[in-house]
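In what follows, a structure is listed as structure tokens, so that the remarks can point back to it.
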Amino acid sequence: MHKDLMEIPRRMRELREILEISALEMSRRLDVSLEQYEQYENGSADIPISTLYEVAGILHVDFTELITGESPRMDSYSITRSGQGAGVDRYGYSCASLAYNFIDRAMEPLLVTLSLSDSPAPLVTHAGQEFNLVLTGKVKVTINARDHILNAGDSIYFDPSLPHGQSAVDGPATFLTVIKE
């Protein structure tokens with residue numbers, strides 16, 4: 051795992067210990083095995099974005115604080131310049147939060163860049179609602195084991211409590227996702 055990405059598991063462990071939550075309790079609350087959770091925390095396994103959101107909630111910190119180590123500061127508006135979103139790289143894709151510096155966000159807009167991969171990311175679930183708008187390329191969105199191919203300009207709105215995932219088709223792709231938990 052890249053050195054900067056090792057900061058996320060370090061923060062997870064540190065915050066968990068401060069709150070006196072055991073690794074076993076975290077694994078139970080995340081509905082993963084203790085072994086899987088320990089791999090997240092020691093940096094030997096990639097942590098799905100949806101799991102990072104759940105971890106932030108359990109640890110009572112903003113997602114931004116978990117991934118950057120800094121708290122959001124803006125409460126009227128927040129501008130994110132091109133290429134400057136707070137990001138995480140996972141499973142062959144990168145994710146940049148486009149409103150990371152806004153306090154008490156009601157939703158999370160993310161710019162996701164997918165690379166072509168032989169092994170797609172595992173399907174995930176999370177609370178709330180999700181919207182995806184394909185900006186470039188072609189994206190396969192899998193929801194409940196059903197594949198939907200979206201081209202640039204296409205969008206999908208769905209219930210993310212259903213197992214879902216996105217992957218690039220025929221080359222790199224980018225999409226905007228807005229998650230409301």
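So that you can map any letter, position 95 of the sequence shown is 145 in the working numbering, and since no number is skipped, the others follow by simple counting.
All C-beta atoms in this analysis are idealised placements derived from N, C-alpha and C, irrespective of residue type, glycine included.
R155 and A149 have their C-alpha atoms spaced approximately 8 angstroms apart. Here the C-alpha atom of V111 lies approximately 23 angstroms from the C-alpha atom of S83. Within the same chain, L166, G187, K188 come within 8 angstroms of D220 by CB-CB distance, once the 5 residues on both sides are set aside. In this structure the stretch 173-183 does not lie against the stretch 129-140, because fewer than three pairs of beta carbons, one per stretch, are closer than 8 angstroms.
In the DSSP assignment, H214 forms a beta bridge with V174, I193. For L200, the closest alpha carbon among the candidates E88, T224, P210 is that of T224. Contact between the stretch 62-69 and the stretch 96-112 is present: three or more C-beta pairs spanning the two stretches fall below 8 angstroms.
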